[in-house]
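Offset between the sequence shown (1-based) and the numbering used here: plus 38.
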Amino acid sequence: MIKLAPNKFCGSAVDTSAYNFAETKNIRRLHTALAAYNVTPLIELKNFAAAKNIRAVYVKDEAHRFGLKAFKALGGVWAIYTVISRELGLSNPTLDEIFSRRAELDKLTFITTTDGNHGKGVSWAAGLFGCKSRVYMPRGTVEVRAQAIRDAGSATVEITDMTYDDCVKFTAHLAAKNRWHLIQDTSWLGYEDIPAQIMLGYSTLAYEAIRQMNFVRPTHIFLQAGVGSMAGAIAATFAENFNHVAELQTLERGDNVWSLQRLTRQLDATSRCPRITIVEPTEVACFYETMRIGDGQIHSATGNGQTMMAGLNCATPCELAWRLLCGLAADTATISDDIAAEAMRRLASPIGDDTPIISGESGCAGFALANAALDDAELRRTLAIDANSIIFVINTEGATDPLNYELITKEASP
């Protein structure tokens, strides 16, 4: 069963200017300088779209990002880069400038809490720069995810007996006590700069996707959310940039006229934004509760906290993400593990000659909503989906739990 909660604040003013493509050029400069960087695939599921009577479905496949099977390192490496730049007293340094001071880098320690993919990105990025890292994981984490974090870099990894939220508090305490650098992908009062940098790092994903779609504007974007940092960043990037096709193309040519063209903007961010729906596990749906209560404040999930979608098992929204999604998201939808499993099977065994996609339990969530809603006339009406709809989703992770992936996908989709 899918439950929807409308967001009565959708359309309210939000500041997305930090996500303007001209403002994020240094982030892309870093990402593209990394040896492991490649633009991840954008896959159009033509047969699926035809079968569901819509115009198009695009899947941005982040299972190929940096060889880490997930998108999260985009944010982690940018945040760590900003900390290193500050610690070394450098402004927008090149990688060579940073690597020339390896003796100083070895003294830096980064710490975080993760359900899996964020910690893997932090471990990888810290190892890339020759720094130390420590990663703590909530109870219920499978060992294979912890080992993947160790393998990605040089992190010390511990699976705790705490909930995700309690684990975040614990690592924040350790960071303050030991003067380590906390790289957390959620925010709270007094801790916003690093989460903001992490979110900005995710803008590269949207930048790639917009170019890959040849600047065709999706009508719908379904974004999965744990604390919501990725969802907020992608929503803001689309909202900020999608009325600037000519400007974007000018930026790509390298012409020095961007600042003049920016002055011609007349539409506010929300009028440029595709219809955005947030997707969460039924039992860990903090944005659902936040929108359902509808007082403008963030609220924690009320479910039992049990879901196979480990990367989305977060009980409290990121405040920074909510400030953006409050004005940009039309609604939120909850999905069960069964709906996610069916989406994993459909992506693994697509219709006709559509490209197969390896998608993990959390990675498939945006597509899972599309897969289920497109067969439900009432949900199609509620989500304003028709034959001209273009849906964009992100496969945020590959098979990060290979055993569970095999168990789920061995039963082929009809």
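For glycine and all other residues, C-beta sits at the position ideal for the given N, C-alpha and C.
Taking a cut-off of 8 Å for Cβ pairs, the segment 232-247 and the segment 397-415 do not touch, as fewer than three such pairs fall below it. Between THR434 and SER387, the C-beta spacing is not below 8 Å. Leaving aside the five residues that flank ALA71 on each side, the residues in its chain whose CB is nearer than 6 Å to its CB run, in chain order, LEU133. A distance below 7 Å between beta-carbons, with the five flanking residues on each side excluded, links THR447 to the following residues of its chain, in chain order: MET382, ARG383 and ALA386.
Between the segment 176-185 and the segment 210-222, the count of C-beta pairs closer than 8 Å stays below three; the two stretches do not touch.
Look at the segment 75-128 and you find these whole runs of beta strand (DSSP E), each 3 residues long or longer: 80-82 and 94-99. The alpha-carbon of THR354 is positioned some 11 Å away from that of THR201. Comparing C-alpha distances from VAL206 to each of TYR174, GLY191, ALA411 and ARG217 shows the shortest one belongs to TYR174. In the structure shown, GLU399 adopts coil according to DSSP, grouped into three states. Apart from the 5 residues on each side of it in sequence, ARG172 sits with its Cβ closer than 6 Å to the Cβ of ILE149 and THR194 in its chain, given in chain order. MET347 is not a Cβ neighbour of TYR96, given a cutoff of 8 Å.
Linking ARG418 to THR340 through their CA atoms gives a straight-line distance of about 27 Å.
Between the C-alpha atoms of THR370 and LEU126 there is a straight-line separation of about 42 Å. In this structure the segment 80-99 does not lie against the segment 360-367, because fewer than three pairs of beta carbons, one per stretch, are closer than 8 Å. Around the beta carbon of LYS158, 16 or more other beta carbons lie within 10 angstroms, which makes this residue buried.
By the neighbour-count criterion, in which 16 or more other beta carbons inside 10 Å mark a residue as buried, LEU243 falls on the buried side. Excluding five sequence positions before and after GLU61, the CB atoms of its chain that fall closer than 8 Å to its own CB belong to SER55, given in chain order. ARG140 and THR420 have their alpha carbons spaced roughly 55 Å apart. For the 8 Å CB-CB criterion, LEU350 and SER225 do not form a contact.
Put simply, of ILE331, ARG330, ASP333 and GLU321 the residue whose alpha carbon is nearest the alpha carbon of ASN342 is GLU321. Closest option to ALA271, judged by alpha-carbon separation, among LEU143, ILE432 and ARG124: ILE432. In the DSSP assignment, LYS170 falls outside any alpha helix (DSSP H) and lies within the beta strand (DSSP E) extending over 170-175. The beta carbons of GLY334 and TYR240 sit no closer together than 8 Å.
When DSSP reads this structure, GLU196 sits in a beta bridge with TYR174.
The Cβ neighbour count for ASP199, taken over all protein chains shown within 10 Å, is under 16; the residue is labelled exposed. Collapsing the DSSP output to three states places ASN130 in coil.
Around the Cβ of SER397, a 10 Å sphere holds 16 or more other Cβ atoms; the residue is buried. Distance from the CA of LEU128 to the CA of ILE118, rounded to the nearest whole angstrom, comes to 13 Å. Annotation for ARG249: no residue places its beta carbon closer than 6 Å to its own, counting only its chain and skipping 5 residues before and after. Partner residues in the beta bridge of ALA367, as assigned by DSSP, are ILE314. A direct Cα-Cα distance of roughly 26 Å separates GLU230 from LEU106. Less than 8 Å divides the Cβ of ALA43 from the Cβ of ARG330. Just measuring C-alpha positions, the residue of GLY436, ILE428 and ALA277 sitting nearest CYS48 is ALA277. Shown here for ASP99: same chain residues with a beta carbon closer than 7 Å to its own, the five before and five after excluded, namely THR78, PRO79, ILE81, ILE395 and ASN433 in chain order. Secondary structure of TYR229 (DSSP, three-state): strand.
Following the DSSP letters along the chain, one finds HIS337 in no alpha helix (DSSP H), marked with neither H nor E.
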